[in-house]
Each structure stands twice: as structure tokens, then as C-alpha cells.
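In what follows, a structure is listed as C-alpha cells, so that the remarks can point back to it.
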Amino acid sequence: MPTEPNRAHAARAALVLVAVAAACIAFLHAALPDDPVRKMVSDYVHTPLGSVVLPLGLLAFGAALVLLARGLHTAGIGGRRVTVPLGIATVGLVLIAACHGDAAGTGTTLSGLVHKFGGGLLFGGLPVAGWALATRCSAHPTWHRLTVPVRRLATAGAVVLVLMLVGYLPEFGVPLPAAALFTGTHGLLERGVLVAEVAMVTLAAVRLVRPPLPARPVAVPAVAAPEPVRSTVDSTAA
Numbered sequence: 017m018p019t020e021p022n023r024a025h026a027a028r029a030a031l032v033l034v035a036v037a038a039a040c041i042a043f044l045h046a047a048l049p050d051d052p053v054r055k056m057v058s059d060y061v062h063t064p065l066g067s068v069v070l071p072l073g074l075l076a077f078g079a080a081l082v083l084l085a086r087g088l089h090t091a092g093i094g095g096r097r098v099t100v101p102l103g104i105a106t107v108g109l110v111l112i113a114a115c116h117g118d119a120a121g122t123g124t125t126l127s128g129l130v131h132k133f134g135g136g137l138l139f140g141g142l143p144v145a146g147w148a149l150a151t152r153c154s155a156h157p158t159w160h161r162l163t164v165p166v167r168r169l170a171t172a173g174a175v176v177l178v179l180m181l182v183g184y185l186p187e188f189g190v191p192l193p194a195a196a197l198f199t200g201t202h203g204l205l206e207r208g209v210l211v212a213e214v215a216m217v218t219l220a221a222v223r224l225v226r227p228p229l230p231a232r233p234v235a236v237p238a239v240a241a242p243e244p245v246r247s248t249v250d251s252t253a254a
């Protein structure tokens, strides 16, 4: 069947690009001294090394999302509700790579605002795509086992994202005592969102590489055998 190798090829290429993106981020963590609890991943771009490696990793992950969307579509579990959020997240990655965020202690620039907007598209788009994919898989006879893990990872990413946003509320004068628990941990929370969302993308791509599972058996209700009908002649004779 021609769609099978196409799906697997797209998924394998997506996995390679996810590995490239993860390697870039891991390399920056190891090579550059920084505080991963407070500092965001995008802060690496303000170094000579990070200004090259970080955009490379972001664009690799964006290309992986495009290939994943193609693989999901070929497998019959894509659909507009999945591919549109994936496309939005990809646009967000391109914006993040093209527009650097504002360095700490500097004023707000247009590039910094576009960078934050891109981050919103990325971190918001992937959970929506994950929930939509889980819904599609739950109704599919051969991809149903993706439903629970994809939904859990999408939800985990969304929950950590909310906590990260709550940590910003004191900066805007919002009196929320619980926000103090997450203030100063933006970098750690951002990395938590990334781990959940990258894991979700990786899981979906790995599953697409494998042959589809056998269709779920459909339970057929047993039909009781009809009782024999006694003829009127027999009943009269009795």
C-alpha cells in the first residue's frame, strides 16, 4: 500500500529533526553557563554560540512538525483540527527563530514582542493539536492506543504552561498570592513545557514509524436461538 512507506518516511524524518533540535538545546545547556531555573531557553540567543545553534534547533523542530502533520494525514488521523494547530506552532517556531527576545535589563522592542507572540503560538498550539489528535485516534480502529498518552502529554504541557503564566502575574500587578510560588522559576517551567510537548511529538512520530495495530475487535451481541414453535396439531393432540 503506497501510503504506508510515505507515512513511515515522514515520521522517520521528523524523528531525525526532533533529535537535531534536542541535541542543539542540550548542547547549549552544557556549553553555556546559565541558570536553567530562571533563564529562558531563548536567552541563549544572546551569546555568539547560541545565536547560531538555537535558531537551528528551532527551525529543525518546526520542520519536524510539518513532517509529522504529513505523516498523520497519510495515516488518516490528521484532519484540519490537528494540522492547523501544528501549523500555528510551526509559525511560532519560525517567529521565535527570526526575532530575538529582549535581553534582561533592556527595554521592550518590536523583535521582543514578536518573539513572545511566537512563543504563545508554539506553546499554545501544540497542546491543542495533541487534544485534537487524541480525539481522532480514539475513534480510529488502528491508532486508538495513541489516545491516552498523547492526551496526557498535551494536558501536562498545558498545565505547566498555565503555571508559568501565573508566575508572571505579579509583574503586571495582579495580587495573586499563589503566583509567588512560581515567580523566578520561569526557565524551569518553560523547560517542563518543552519536555512534555517534545515527548508528545516524538511519541506520535515513533508510533507512525511502526506498522498500524490490528483493528479493535468489535463485540457482536449474541443472538439467542429462537424457541421451537409447537404446531397446533401437536397442542391439540396433547
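Numbering of the sequence shown is given in the working numbering, commencing with residue 17 and proceeding in unit increments.
For glycine and all other residues, C-beta sits at the position ideal for the given N, C-alpha and C.
Predicted model only: the values in this text are computed from it and were never measured.
Nearest-angstrom Cα distance between Ala37 and Leu70? Answer to the nearest angstrom: the Cα atoms are 8 Å apart.
For the alpha helix (DSSP H) holding Phe198, just list the boundary residues, first then last. Taken as a continuous stretch (DSSP letters only), Phe198 belongs to no alpha helix (DSSP H), as it is neither H nor E.
Where Leu102 falls: helix, strand or coil (DSSP): helix
Whose C-beta lies closer than 6 Å to the C-beta of Leu138 among residues of the same chain, with five residues either side of it excluded? Ala105, Gly108 and Leu109
For Val222, which residues from the same chain have a beta carbon less than 8 Å from its beta carbon, with the 5 sequence-adjacent residues on both sides left out? Ala27 and Leu31
For Leu219, which residues of its own chain have a beta-carbon under 8 Å away from its beta-carbon, when the five flanking residues on both sides are left out? Leu162, Pro165, Val166 and Leu169
Indicate the three-state DSSP secondary structure (helix, strand or coil) for Ala253 in the structure shown. Its pLDDT being 48, under 50, Ala253 is placed unreliably by the model, and the measurement read from it follows with that caveat. Reduced to three states, the DSSP call for Ala253 is helix.
For Ala150, which of Gly95, Thr124, Gly203 and Gly117 has the nearest alpha-carbon? Gly95
For Leu177 and Gly78, I'd like the C-alpha separation in whole angstroms. Rounded to the nearest angstrom, the two C-alpha atoms are 19 Å apart.
Given 8 Å, three or more beta-carbon pairs between the segment 50 to 59 and the segment 201 to 208: yes
Compute the beta-carbon to beta-carbon distance between Ala195 and Leu185, rounded to the nearest angstrom, for a pair I have assumed lies under 8 Å. About 4 Å; that satisfies the 8 Å criterion.
What's the C-alpha gap between Pro157 and Ser127? 46 Å
Using alpha carbons as the reference points, say which of Thr122, Ala85 and Val225 lies closest to Gly103. Ala85
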